[in-house]
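For the sequence shown, the numbering used here begins at 21 and goes up steadily by one.
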Amino acid sequence: MYQIENVLRPYAWGSTTAIAGLLGRPASGGPEAELWIGAHPDSPSTAVHPNGVTQPLDALIASDPLRSLGSESLAEFGPRLPFLTKLLAAEQPLSLQVHPSLDQAREGFARENAAGIPADAADRNYRDDNHKPEMIFALTPFKALCGFRSPAVSKDIFEHLAHVLDSAAIEVPDIINGVITDLGQPDEPAALKAAFSRLIQGGTDVSNAINEVVAVLSAGAPLEPHREALTAMVDINEAFPGDPGVLISLLLNHLSLEPGDVVYLPAGNVHAYLHGLGVEVMASSDNVLRGGLTPKHVDVPELLKTVRFEALGVPRIEASGTEFGQELYRPPFKEFQLQRIELGPGAEPVPLAQNGPAVVVVVSGSVMLDSPKSDLRLQRGAAAFIPDIEAPVNIHPVQGATDISVAFAVTTGLGN
21 MYQIENVLRP YAWGSTTAIA GLLGRPASGG PEAELWIGAH PDSPSTAVHP
71 NGVTQPLDAL IASDPLRSLG SESLAEFGPR LPFLTKLLAA EQPLSLQVHP
121 SLDQAREGFA RENAAGIPAD AADRNYRDDN HKPEMIFALT PFKALCGFRS
171 PAVSKDIFEH LAHVLDSAAI EVPDIINGVI TDLGQPDEPA ALKAAFSRLI
221 QGGTDVSNAI NEVVAVLSAG APLEPHREAL TAMVDINEAF PGDPGVLISL
271 LLNHLSLEPG DVVYLPAGNV HAYLHGLGVE VMASSDNVLR GGLTPKHVDV
321 PELLKTVRFE ALGVPRIEAS GTEFGQELYR PPFKEFQLQR IELGPGAEPV
371 PLAQNGPAVV VVVSGSVMLD SPKSDLRLQR GAAAFIPDIE APVNIHPVQG
421 ATDISVAFAV TTGLGN
């Protein structure tokens with residue numbers, strides 16, 4: 021087993037305090053958006069060998085894939101760690117985005133390589149050939165946009181906007197009337213696609229409409245019965261004034277997670293995290309197609325090919341417990357599953373649920389990991405990579421500990 025040092029991504033939308041506070045270390049003074057825990061080649065963790073020598077985790081795995089990954093993971097996913105874990109802390113909204121399917125990622129990656137687009141080019145859509153299904157475990161109250169709501173509900177919201185503009189003696193913009201017409205189509209996927217496409221391609225017409233709507237709402241126009249959606253829209257506009265994503269947010273489910281709530285996001289699901297701290301797990305990929313709320317590259321034609329235009333309920337995951345007390349969260353993906361392990365002082369060892377490789381991060385207290393081959397102590401804020409060959413691994417509190425210890429562990433979803 022290897023303690024690992026992880027890479028902090030200082031994106032501008034990140035909180036300056038949340039990740040540091042969770043891990044019990046001083047804040048850096050700048051935004052701390054994501055802590056990457058894994059072997060993605062863009063920001064691999066660094067493994068610390070028992071003799072103190074360090075090595076990038078992707079290189080460690082590549083040196084002996086069978087030992088690190090196990091035969092089943094190696095056969096299913098190839099010689100790479102199939103998942104990536106992050107601590108994510110959003111102080112401001114992230115980009116409105118969607119992730120491609122595996123087939124789309126492979127085709128797009130090959131196409132951009134053939135076109136000679138540099139791997140680090142700002143206008144590149146596909147950074148690798150993998151898909152990126154993901155899930156988020158909320159550590160604090162967490163706000164997000166997630167998937168399309170019913171077109172009928174969105175139509176009611178846009179009709180409300182038209183009404184408040186009309187009541188203020190402001191001519192309703194054509195773009196809003198057009199969206200109302202789009203959402204009234206009887207074919208729900210066609211209605212969603214038409215409204216989304218109109219807004220994302222609307223240019224200055226959308227920006228002007230947003231300015232008028234926000235001005236009227238800020239002047240005291242009624243928000244009910246759509247207070248949550250309209251308040252969020254105004255807040256998003258403060259971060260990204262006039263962006264198409266401001267109005268697109270009204271087409272999406274508004275999600276309020278409490279600590280311990282978990283949702284998963286399959287390919288094609290339009291989403292944006294708005295605020296909060298969580299443990300995010302995904303297939304090991306950095307493929308993101310953005311649709312707004314970002315200064316980064318937006319490729320509208322490619323995005324429209326990727327979005328699934330269907331109204332969906334919020335895809336929540338409930339924990340399944342074990343006889344040993346840990347909580348298991350198993351999304352419908354083979355690449356990963358998450359477990360939360362809470363250990364009181366003097367608790368009995370808990371067998372780590374492990375299918376192939378695993379990573380562990382401790383967010384409270386301290387724990388011991390032990391296997392027939394080795395053991396490793398992890399304090400709050402520390403993380404470890406556990407090769408397949410180390411299984412079975414037990415996790416238990418450090419002897420004499422008086423605090424409750426909490427750790428998250430990620431392994432593959434194979435064998436579920």
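For glycine and all other residues, C-beta sits at the position ideal for the given N, C-alpha and C.
Asked, Found
"Cα-Cα, which of H60, R100, A239, K106 is closest to V299?", "K106"
"Assuming Q357 and G433 form a contact by the criterion Cβ under 8 Å, report the distance between their Cβ atoms to the nearest whole angstrom.", "5 Å"
"With a threshold of 16 other CB atoms inside 10 Å of the CB of I415, please say whether the residue is buried or exposed.", "buried"
"Using C-beta distances below 8 Å, list every residue in its chain close to I337, excluding the 5 sequence neighbours before and after it, in chain order.", "M155, V282, V283, Y284, Y349, R350, P351"
"Could you tell me how far apart the beta carbons of I424 and E347 are, in whole angstroms, since I believe they sit closer than 8 Å?", "Wrong, their Cβ atoms sit about 14 Å apart, outside the cutoff."
"For D186, I'd like the list of residues in its chain whose CB is within less than 8 Å of its CB, leaving aside the five on either flank, ordered along the chain.", "V192"
"With burial defined as no fewer than 16 other Cβ atoms inside 10 Å of the residue's Cβ, what is the status of N71: buried or exposed?", "exposed"
"In whole angstroms, what separates the C-alpha of L267 from that of I220?", "9 Å"
"I think S174 touches L271, with their Cβ atoms under 8 Å apart; what is that distance to the nearest whole Å?", "5 Å"
"Less than 8 Å between the CB atoms is what I'm expecting for L313 and S35, so what's the real figure, rounded?", "The pair is not a contact, with the Cβ atoms about 17 Å apart (cut-off 8 Å)."
"Would DSSP call T66 helix, strand or coil?", "strand"
"Identify which residue in G376, H180, L243 has its Cα closest to the Cα of E450.", "The displayed coordinates of the chain run from 21 to 436. Any statement about residue 450 would go beyond what the structure contains."
"If we count the other Cβ atoms within 10 Å of its Cβ and call it buried at 16 or more, is H45 buried or exposed?", "Inspection of the sequence shows that residue 45 is occupied by Arg rather than by His. The residue is exposed, with fewer than 16 neighbouring Cβ atoms inside 10 Å."
"Would A135 be called buried (16 or more neighbouring beta carbons within 10 Å of its own) or exposed?", "exposed"
"Using the beta-carbon count (16 or more within 10 Å), is K393 buried or exposed?", "exposed"
"Quick check on R247: buried or exposed, where buried means 16 or more other Cβ atoms within 10 Å of its Cβ?", "exposed"
"List the residues that DSSP assigns as beta-bridge partners of G341.", "E347"
"Kindly indicate the opening and closing residues of the beta strand (DSSP E) around F168.", "162-168"
"Going by DSSP, what residue range makes up the alpha helix (DSSP H) through R360?", "R360 -> not in any alpha helix (DSSP H); beta strand (DSSP E) instead, spanning 357-363."
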